[in-house]
Structure formats: C-alpha cells, structure tokens
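Enquirer: Take 5 as the starting number for the sequence shown in the numbering used here and just add one per residue. To start, I am sharing the structure in question, which I have written as structure tokens.
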Amino acid sequence: MNAAHLRSRPGAGGRGRPGTALAFRLVLAGACCAAALGYINPRFTPVDLVRQSEVIVAARTDAAPGADEWTLRDCEALKGSAGGDQVLVLAPGDDGRREAVRRLLAGNGGAPVLLFAAATDEGTRGFLHAAGSWVAAESPAPGRWELQSLDHQMSGVYLGGTDMLLRMTRCVLADSDARVPTSVGASWLPERREVGRVPGAICGMAAPHLGGGRYALYVGSDEGDRLFRPAPDGEGYGNVTADLRLDSRSRRFAWLDVNGDGRPDLASWDGGALSVQLLTAAGTFEKARAEGLRLDGDCTGLAPCSLPGDGTPALLVGTRDVPFILTCGGDGTWRRVPLPSDGMPADPDGLAAPCVVADLDNNGFWDVLQVRATGGVLWRGEPDGFGPPSPLGAGVPGGACHAALGDFNQDGFLDVFLAGAQGNALWENDGRGRFADVIERAGSLTYRARPGATGCLATDLNHDGRPDLCVLYADGDFSYHFNRGFRCFGEEAELRLFDPTTGEEPPGGQQACTVADFNADGSLDLAVAFADGRVLCYCNELCDMPGLRVRLRGGIAGPVTVGLWPEGGYPHCAGAYPVAGREVYFALPGPGGCEVRWSQPGGPTRSRTVSAAGGLPLTGLELVLGD
Numbered sequence: 005m006n007a008a009h010l011r012s013r014p015g016a017g018g019r020g021r022p023g024t025a026l027a028f029r030l031v032l033a034g035a036c037c038a039a040a041l042g043y044i045n046p047r048f049t050p051v052d053l054v055r056q057s058e059v060i061v062a063a064r065t066d067a068a069p070g071a072d073e074w075t076l077r078d079c080e081a082l083k084g085s086a087g088g089d090q091v092l093v094l095a096p097g098d099d100g101r102r103e104a105v106r107r108l109l110a111g112n113g114g115a116p117v118l119l120f121a122a123a124t125d126e127g128t129r130g131f132l133h134a135a136g137s138w139v140a141a142e143s144p145a146p147g148r149w150e151l152q153s154l155d156h157q158m159s160g161v162y163l164g165g166t167d168m169l170l171r172m173t174r175c176v177l178a179d180s181d182a183r184v185p186t187s188v189g190a191s192w193l194p195e196r197r198e199v200g201r202v203p204g205a206i207c208g209m210a211a212p213h214l215g216g217g218r219y220a221l222y223v224g225s226d227e228g229d230r231l232f233r234p235a236p237d238g239e240g241y242g243n244v245t246a247d248l249r250l251d252s253r254s255r256r257f258a259w260l261d262v263n264g265d266g267r268p269d270l271a272s273w274d275g276g277a278l279s280v281q282l283l284t285a286a287g288t289f290e291k292a293r294a295e296g297l298r299l300d301g302d303c304t305g306l307a308p309c310s311l312p313g314d315g316t317p318a319l320l321v322g323t324r325d326v327p328f329i330l331t332c333g334g335d336g337t338w339r340r341v342p343l344p345s346d347g348m349p350a351d352p353d354g355l356a357a358p359c360v361v362a363d364l365d366n367n368g369f370w371d372v373l374q375v376r377a378t379g380g381v382l383w384r385g386e387p388d389g390f391g392p393p394s395p396l397g398a399g400v401p402g403g404a405c406h407a408a409l410g411d412f413n414q415d416g417f418l419d420v421f422l423a424g425a426q427g428n429a430l431w432e433n434d435g436r437g438r439f440a441d442v443i444e445r446a447g448s449l450t451y452r453a454r455p456g457a458t459g460c461l462a463t464d465l466n467h468d469g470r471p472d473l474c475v476l477y478a479d480g481d482f483s484y485h486f487n488r489g490f491r492c493f494g495e496e497a498e499l500r501l502f503d504p505t506t507g508e509e510p511p512g513g514q515q516a517c518t519v520a521d522f523n524a525d526g527s528l529d530l531a532v533a534f535a536d537g538r539v540l541c542y543c544n545e546l547c548d549m550p551g552l553r554v555r556l557r558g559g560i561a562g563p564v565t566v567g568l569w570p571e572g573g574y575p576h577c578a579g580a581y582p583v584a585g586r587e588v589y590f591a592l593p594g595p596g597g598c599e600v601r602w603s604q605p606g607g608p609t610r611s612r613t614v615s616a617a618g619g620l621p622l623t624g625l626e627l628v629l630g631d
C-alpha cells in the first residue's frame, strides 16, 4: 500500500479505551512511517486521542519566518489546564527534520493549533496539530515543549484540517457516544438487480416519485431517455417509457414541478431544442407548449429554481456566458429572465461548467453559482431578484466538471465538491457568499480522488447522518469516500460494484448514478449506469434504519435547505441537503430527537423537533419518518 491510498480497515468504531500510555507511545500496526498517510488506524481514532489526553489546548502561534521558538497565544484549555504560558521550541539537533517543523509553523500564520498531552512513563508527551500536519513533542519542563519532527503515522488517526479537528474535538468532549468511524459500515445485498439497457450516451440519472408508492428510475440519453419501475412482485424492473408516453432525448435534463400541481415534470435539452414534458393526473406525460423554449447550441446545464419575488416555478439554464431563467406564464408561453450581467468577469476559455443552483446562504432564496476554470461567479438570491455577479477566487482546472452538494463540514451550509477533467476541488461555504477550496485538507479526497470522474454524488449510504461522496470513473474504478466527520474523508476499499456471480466489477466503467429507496426497505440504494448501457441497482444491506423523508408540498418550488441538528446543543449539523423537486432522505443519527431547521424565502430560520417515534406535518414541508 502506498501513501496515495487513504483506505479504511475493518475495526472498532472509535470509542475510548483505557491506557494513556497507548495514546502517546503510538505504534500503527501494519503501517510504516512512509505509508501512514494511506492508512486509517482502526484501533486508535480521534475519540481515543481525546479521551486519553490529560490536557488539550487550542491556541494560535506567531508566524515568524526562521524562528526556533513560538509562544502559544489565546490559549483555551479544552481539557485539563494549560498551566500558564506555553512555549514551543525546536528540539536540539539538526538532522533535517527540524526544518520541516519550522516551515510548517512559519506558514501557519494565525491559524489555530491544537496540542494534545499526557504523562507517560518516559515523561510528558504530546502531539501538536497545525496546518493539517502532526508534530511529535516532549515537555522537559512545565510550559515548555520541544518539537521533535513531523509525525506522519498520526495521519492514520486523523488526516484533515486543524480547524475541523478543533470542531471534532469539541464534539467528542460534549458527546459521550461520539464516534469517528474507521470503515464505511455499509455493504450490498448479495444480489444486484438488473434494471435494463439504455442506448446512446448517458447524461445522468434521477429517481422521480411518479406515484404508486415507489420510486421510478430515469436515465437520460441522447438516443432516447428511459423510465423504469420496480415490478409489482419486487423482482426486477420494467421499462415503462412507452407506457407513460415519455418522448425525450436528453443531453441535459432537470426534474421540477413546472406548473405547481405537485407532480414532477421533465425539462430536456437534446442539443438544439429545449422541451418540457408534464406529468398529468392520468400518470402519463404530455409535451408543454414550446413557445419561447428554443435553445440552440449552448446549454451547460439545467436546474430547477423559482422567481425570487413570488416563488413561481422556473428553470435555470446555464450557458457559457450569462445564465438565464425560463418561466412559463398562464398562457403557456415561456419567457426569459436574464441574470444581472453588469460587472460579469470575463471567462477567456469559455468553458463554464453546469451551474450549481441552491440556497447557499440559507435565506430561503435560490443562489446561482457558475463554475469556471478561472474561478466561479455567484449570483445571490434576494427578495426582489438576483444580486450582481460576484467573482470567486477558486477555480477548477479544465473548467468542465461534475458537482455534488452536501454539508461536508457539518456547519449547516451547503458545500460543493467539483470533480473536474483535470483536477478536483472542494469549495467550502462560509454561508456569506465566500468559498474556499479545502480539498488539500479533506482526508482521502486529497490523495485518492483522481481527476477525470464521469459523475459524483453526495449521499449517505451508511446512514450515519454525515454526507459521503460517491465518485464514478470511466475506466472501471468506483470510489466511495465516507465522511468520518467534519470533512475528514476515508475511502472505503470494500464497497465495490461487484457482480455476485463472478465477483468482478462490470466492464466499461460507470457513466452516472442516483440513490433512492428502490426496494422500499427503509434505506438508500444505489443505481448505476455503465458505459455499455447496462443499468444495475445495488440494494443496501442496511434496512429499517431511522430516517426522515422530506419533500415540498405541491405547488411550492423552494428552495429549501434543510438541516438536522442533534438535540442537546451539540455545535454540529447532522446533515443538510437541498430539497426541491424530489423527496430527500435524511438518516437520523439515532433514536433520540433532532431539530429540523430550514428557512422560507426572506423569513427567519424555522425549526421543529422530530424523533424516530413519529412524524410531523410542517408548513411548506411534509416530513415522513422511516419505519
């Protein structure tokens, strides 16, 4: 195993164990120092580190280039007592390792550092975490710490940002049942289900709820879209495309409730024409009037949205220039509503990716984020329309990419993972219109998420409440990065797209995927479209899990970003997802209560407490708890 593979190993779930000496005489079984970056230690997690530390101090350091000594500023004793001023010095000697520590602290600026310490038979030992790296330390005298060298083995305990480790530490201290998993904790049922074959180039998948109590499976293709439904006996799927009179060929698509009747409709672009097919009360599709729908040669993506002023359902059309909104009037005529363009930064490459459309600041209005190679552009939704375009500093190499929305750092705001042809990015959202690329401080995403993905999806197949990432590749690889908490990801080596009869993965790679509870057993399943046109459904072995299903009432276009916060005042979100156009599943972190928080347009944050014991109807939302 090399250092580029941050993979999990079966083992304990991260509860504390006795034995302080273990914490500070740590030996990672089976991993040498050079390989430790690619190994999650199953026997010693951040929970063990916090439990066994006698003192934990959060502080800041000076950022003096060339310095050999630093004073910890703004010390906060998270556990134990800091005991007055704390000074960090480079340990005596110079064998090359000290210089790496000096550069690390010089480059840390005023960012936080964490010091974990305990007494051992050999004296007081500690680990300093700064700028995403670990440093081994010894204390020859109270208040003085000698920094020995970077400790790569500790990356098996935690690999991520110091800011997130601080939040994780607070969580562990506040919650006696806190867990930091070392493996995904999910697997497939022995059989995988054949869904069917789809010709042509597959552009994506979705799981619309068309009535009848079960999810349908939609596959978009330039040679003809397909709709599949589970068979009445629960075995296999039937192709119901012709029965439902769906007639579309898609290179881009979006499901949304166009006419506010509570039923999902399909917007489809075939490379030239844009069409909308409405789901009727009879359960079949019919094409909407096409006046104003023509769109030639330039569509980077479609997404559901609504007009900021009155909430009228609308369709956001992404282009290589300025995106625009399409909305249908009472006479069936479609009209364009352009987004503001004054001050729009130029894009010399003209490679704008599909727009990310969601409520990114939790004010109840849609925001539009256009991703570019040179940096993104954000239009913030306001009561009277969209604000002017604001440039973002972070970009994605190559421009073209796939996006996945999820609250990966558990602060209640949606972050954006971007899988690009030449590189990936994880744009972390501060909730105020600013984004920072933190992929270099995100565990396995740093080392293991290769560029060139054919698709990605934020989901929670292990039902622990933390959004994970599913990443697809055309060369046959499939990656599932499970979230250990606070954007510290690990890649699950055992969750593969195998064929039970041969034990091998289907050839040709993957093109698209979606999740839903397809077999109605109370857990999320994964449907995958492969490059040879085959569509398979992998059923989750977990079942009857405590969960919350959230959907918008008919006629409400959103947007709504819903977050779940554990009761008890824990300072972290147990999951946040955008809710629009389809039912969204939230895994409850346990049988206890959760506070559901959301905002309606222009209004204050609203909340309601739910538990696994029953459901509550909410204004504008319907919550249906799992069995």
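For each residue, glycine too, the CB sits at the ideal point set by N, CA and C.
1. What separation, rounded to the nearest whole angstrom, lies between the Cα atoms of Arg-488 and Arg-445?
2. What is the DSSP secondary structure of Gly-160, reduced to helix, strand or coil?
3. So Asn-243 and Phe-232 are in contact, right, with Cβ under 8 Å, and what is the actual spacing, rounded?
4. Can you pull the DSSP bridge partners for Asp-472?
5. Using a 10 Å radius around the Cβ and a threshold of 16 neighbouring Cβ atoms, would you call Ser-345 buried or exposed?
6. For Gly-113, count neighbouring Cβ atoms within 10 angstroms of its own Cβ and tell me buried if that reaches 16, exposed if not.
7. Looking at the secondary structure, which residues open and close the alpha helix (DSSP H) in which Leu-108 lies?
8. By alpha-carbon positions, which one of Gly-228, Val-372, Ser-254 ends up nearest to Ala-246?
9. From Ile-560 to Thr-518, what does the alpha carbon distance come to, in whole angstroms?
10. What are the partner residues of Tyr-484, as DSSP defines its beta bridges?
11. Just to confirm, is the Cβ distance from Arg-253 to Asp-274 under 8 Å?
12. Can you tell me whether DSSP reads Ala-38 as helix, strand or coil?
13. Output yes or no for whether 8 Å exceeds the beta carbon distance between Pro-50 and Val-188.
14. Can you name, in chain order, every residue of its own chain whose Cβ lies under 8 Å from the Cβ of Thr-331, other than the five neighbours on each side?
15. Note down, in chain order, each residue of its chain lying with its Cβ closer than 6 Å to the Cβ of Pro-634, except the 5 sequence neighbours on either side.
16. Would Thr-75 be called buried (16 or more neighbouring beta carbons within 10 Å of its own) or exposed?
17. Just to confirm, are His-485 and Ser-527 a CB contact at a threshold of 8 Å?
18. If I follow the unbroken beta strand (DSSP E) through Leu-320, where does it start and stop?
19. So, for Arg-101: in the same chain, excluding its five sequence neighbours on each side, which residues have a beta-carbon less than 8 Å away from its beta-carbon?
20. Determine the burial state of Val-91: buried for a count of at least 16 other Cβ atoms within 10 Å of its Cβ, exposed for fewer.
21. With distance defined between alpha-carbon atoms, name the residue in Phe-502, Gly-424, Pro-471 nearest to Gly-494.
22. Give the single residue among Ser-159, Glu-239, Trp-370, Phe-522 whose Cα lies nearest to the Cα of Ser-603.
23. Under three-state DSSP, which class holds Tyr-451?
24. Could you compute how far the alpha carbon of Gly-469 sits from the alpha carbon of Leu-193?
25. Would you check if the distance between the CB atom of Gly-633 and the CB atom of Pro-455 is smaller than 8 Å?
26. Count the other CB atoms, across all protein chains shown, that sit within 10 Å of the CB of Pro-308; report buried if there are 16 or more and exposed otherwise.
27. At the level of alpha carbons, what is the spacing between Ala-81 and Asp-89?
28. Using DSSP bridges, identify the partner residues of Leu-92.
29. Looking at Gly-567: is its Cβ nearer than 8 Å to the Cβ of Gly-513?
30. Would you mind reading off the limits of the beta strand (DSSP E) that contains Pro-570?
31. For the segment 456–467 and the segment 415–423, state whether three or more C-beta atom pairs, one from each stretch, are separated by less than 8 Å.
32. Using 10 angstroms around the beta-carbon of Glu-198, count the other beta-carbons present and answer buried if the total reaches 16, otherwise exposed.
33. Report the rounded CA-to-CA distance for Gly-2 versus Gly-380, giving the unit in angstroms.
34. Are Gly-127 and Ala-121 closer than 8 Å when you measure CB to CB?
35. Compute the distance between the beta-carbons of Gln-515 and Ile-206, then report whether it is under 8 Å.
36. Do Val-372 and Trp-383 have their C-beta atoms closer together than 8 Å?
Expert: Result, derived from the coordinates:
1. 13 Å
2. helix
3. 6 Å
4. Thr-463
5. exposed
6. exposed
7. 101–110
8. Gly-228
9. 23 Å
10. Cys-474
11. yes
12. For Ala-38, the predicted structure reports a pLDDT of 37, less than 50, and the residue's modelled location is therefore unreliable. The matter cannot be settled from this model.
13. no
14. Leu-311, Thr-316, Pro-317, Ala-318, Leu-319, Trp-338, Arg-339, Val-341
15. The structure shown does not extend to residue 634, since the chain is modelled only from 5 through 631, so no value can be given for it.
16. exposed
17. no
18. 317–322
19. Gln-152, Ser-153, Leu-154
20. exposed
21. Pro-471
22. Trp-370
23. helix
24. 21 Å
25. In this structure the chain extends from 5 to 631, so residue 633 is not present and cannot be described.
26. buried
27. 12 Å
28. Trp-74, Trp-149
29. no
30. 564–570
31. yes
32. exposed
33. Residue 2 falls outside the range modelled here, since the chain spans only 5 to 631, and no answer is possible.
34. no
35. yes
36. yes
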